[in-house]
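Worksheet: one structure, shown below.
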Amino acid sequence: MSFLLSVWGTDMSIYFSPKTTGFYPVKFLAAYQSAGTWPDDAYELTDEELRSYYITHPPAGKMLGSADGKIAWVDIPPPTPAELQQQAESQKQSRMSQAANSIAPLQYAVDLKMATNAELTLLTAWKKYCVLLNRVDCSTAPEIDWPKAPE
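Numbering-wise (the working numbering), the sequence shown opens with residue 1423 and increments by one.
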C-alpha cells in the first residue's frame, strides 16, 4: 500500500520534476499533457521521498531542489545584491515610520506649547535620528551602519 493511499485513502501518485522543482499529481496528467506542461524529466516519487519531501517543511537553511536528477534539500542561496538593497530599503522605511510615530506626539506638545524640557530634548533627538536615517545609502547593504534610535 502506498504512503498516500494509507494517508488519504486514495492512490495519488505524485511525480517530481528536477527541472522545475515542482510536484505533479498523476491525477492531473491528462490536463498537463493537453496543455503541454508535463515535464519530460518527471518521475514518480517513492513512499520514502513523499514522506521526506512532499508533506514536510524543509530543514533550516534549506529549500526544495534536486541533486543528481533526484529530489533533495539544497542550501538556500544567499541574497543577491539587489535583494539586500531592497531589504535595506524596507528596513529604512520601517525605521522612518517608527520615528514618525515617535515624533508626532512630541511635536504636538511643542505646537500646543505644552512640551516639557525632556520632550523637547527627545524631539530633537528623534529629528536628528531621522536626518541620519535619511542619509543611509542602502546600495551598500549589507554593510550599513544604521544610526541608533533615541531611547
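We treat Cβ as the ideally placed atom computed from N, Cα and C, and that holds for glycine.
The structure displayed is predicted, hence computed values, not measured ones.
Cα-Cα separation between residue i and residue j, rounded to whole angstroms
i: K1549; j: N1556; result: 11 Å
i: K1492; j: D1469; result: 14 Å
i: N1539; j: W1568; result: 27 Å
i: S1516; j: I1566; result: 15 Å
i: Y1551; j: K1535; result: 23 Å
i: A1457; j: Y1475; result: 26 Å
i: A1537; j: P1480; result: 53 Å
i: K1570; j: P1564; result: 17 Å
i: V1558; j: P1500; result: 23 Å
i: R1436; j: A1521; result: The amino acid occupying residue 1436 in the given sequence is Ile; Arg does not appear at that position. Roughly 51 Å separates the two Cα atoms.
i: T1502; j: L1486; result: 19 Å
Beta-carbon contacts of residue i that lie in its chain and below 7 Å, excluding the five residues immediately before and after
i: F1425; result: In this predicted model, F1425 has a pLDDT of only 49, less than 50, meaning its place in the structure is not dependable enough to derive any value.
i: V1429; result: The predicted position of V1429 is uncertain, since its pLDDT is 49 and thus under 50; no value can be drawn from it.
i: T1478; result: none
i: A1547; result: P1572
Residues bridged to residue i (per DSSP)
i: L1486; result: W1495
i: F1445; result: F1438
i: E1466; result: Y1437
Contacts around residue i, its chain only, beta-carbon distance under 8 Å, and the 5 residues preceding and following it disregarded
i: C1560; result: Q1507, A1510, E1511, K1514 and I1566
i: G1483; result: D1497 and I1498
i: Y1454; result: Y1446 and W1460
i: M1518; result: C1552, L1555 and N1556
Contact belief for residue i with residue j at Cβ below 8 Å, rounded distance in angstroms
i: A1464; j: S1488; result: The pair is not a contact, with the Cβ atoms about 12 Å apart (cut-off 8 Å).
i: L1404; j: V1532; result: In the structure displayed, the chain extends from 1423 to 1573; residue 1404 sits before or after that span and is not available.
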